[in-house]
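**Q**
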Amino acid sequence: MFDLRKKGPTRPFTHAPDCPILRADPSVEIPWSEMERGHWQAECRCGKEHFHEAPADRRTRLDPLDRPPSATRRNASTGARPIPLSFVRS
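Our numbering applies: residue 54 is where the sequence shown begins, and numbers increase by one.
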């Protein structure tokens, strides 16, 4: 529905030069199987190939680079200034 299926690595499986399956069908594509989260494996009679995805940072970023305008108080004469600490709960 939302196409959330995992597709695996985009690079094709590399066969050995004397692979009997590649010799029989030169256009064969070995599918990648996800063994565990982020670990993909392709297996042929000539061997196996593994691919490990880079781990993603699961933590939420708390200090965004682009702060919204509401993060500072504006005054026409002084420009932008930080919110006073008296408004911050401890």
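Idealized CB from N, CA, C, for every residue including glycine.
So which of S80, P70 and H103 has the shortest CA-CA distance to P62?
**A** Taking only the C-alpha atoms, the option nearest P62 is H103.
**Q** Take F66 and list the residues in its own chain whose beta-carbon comes closer than 6 Å to its own, dropping the five residues that flank it on each side.
**A** Closer than 6 Å at the Cβ level, and outside the excluded window around F66, lie I83, A95 and E102.
**Q** For the candidate residues S86, R90, R98 and A77, whose alpha-carbon lies nearest to that of A107?
**A** Ranking the options by Cα distance to A107, first place goes to R90.
**Q** DSSP three-state label for A77, please.
**A** Helix at A77.
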